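So for the sequence shown, this note's numbering puts the first residue at 179; every next one is plus one.
Glycine residues also receive a C-beta, built at the ideal position from the N, C-alpha and C atoms.
Bear in mind the structure is a predicted one, so any value in this text is a computation, not a measurement.
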Amino acid sequence: MEGPTSREPETVLETDRLLLRPWRVSEAAVQREMWAERDPRVPPHRRIDPQGRPTIEDIEGWIRGQSRSGSLALLAAERKGSGDVVGYCGLIANTHGQDDEPELAYELLRRAWGQGYATEAARAVLGWAHESGYRRLWATVRAWNVASLGVLAKLGFAETGRVERDEAHGDLLFLAKRL
């Protein structure tokens, strides 16, 4: 069986202030900085472990293994003009429900908080999701993450009433949005 004769174009989304595009291996340190900055209430598998993992080398491997096209991807959020990457935004497979209803995911470096980048990037990703044929998106967020809940409210996500109780890390709320 023959493979495709041409590659799909890379996914690149543009907003007024951001380019959302595939990660570059040279940006692994940015991802590791996000891991290091995470709130201590974030579950341990999403923080740097006592052995220092993930390392920059681990993250470089993850970036090399990512698809550079398609409708499921976490895209680097690069500020136009300066070219610095301040976080990511994209769609991931929904491990909590329907396969054809992905989850919106975003995270920013602390120095980029409070400037509207998460909302701006997520709006672009919502458009991309709609163009990709998705009719509903999910988002999960810890109840203590008031800033993220605010972003999701601005985007029109509504709480579904589903909650995974977690005394150690904070309850996980499930939100959804019809596109």
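Reference residue i, options the options, closest by Cα
i, options, result
"Gly328", "Ala307, Trp316, Gly292, Gly230", "Gly292"
"Gly334", "Glu345, Thr297, Leu250, Val324", "Thr297"
"Asn323", "Leu304, Ser249, Glu285, Pro228", "Glu285"
"Ala307", "Arg225, Glu279, Ala336", "Glu279"
Spatial distance of residue i from residue j (CA atoms)
i, j, result
"Ala354", "Ala317", "6 Å"
"Asp236", "Gln209", "11 Å"
"Glu238", "Glu205", "8 Å"
"Val319", "Gly294", "18 Å"
"Glu211", "Leu287", "7 Å"
"Gly339", "Gly243", "35 Å"
"Pro232", "Arg314", "32 Å"
"Glu309", "Ser249", "9 Å"
"Trp213", "Leu357", "31 Å"
"Ile234", "Val341", "34 Å"
Same chain, Cβ closer than 8 Å to residue i, neighbours up to 5 away in sequence not counted
i, result
"Ala302", "Leu191, Glu192, Thr193, Leu196, Leu198, Cys267"
Neighbourhood of residue i by C-beta, 7 Å cutoff - its chain only, sequence neighbours within 5 removed
i, result
"Arg257", "Arg195, Leu196, Val264"
"Leu330", "Ala317, Val319, Leu353"
Local Cβ density within 10 Å of residue i, reported as buried at 16 or more and exposed below that
i, result
"Ala346", "exposed"
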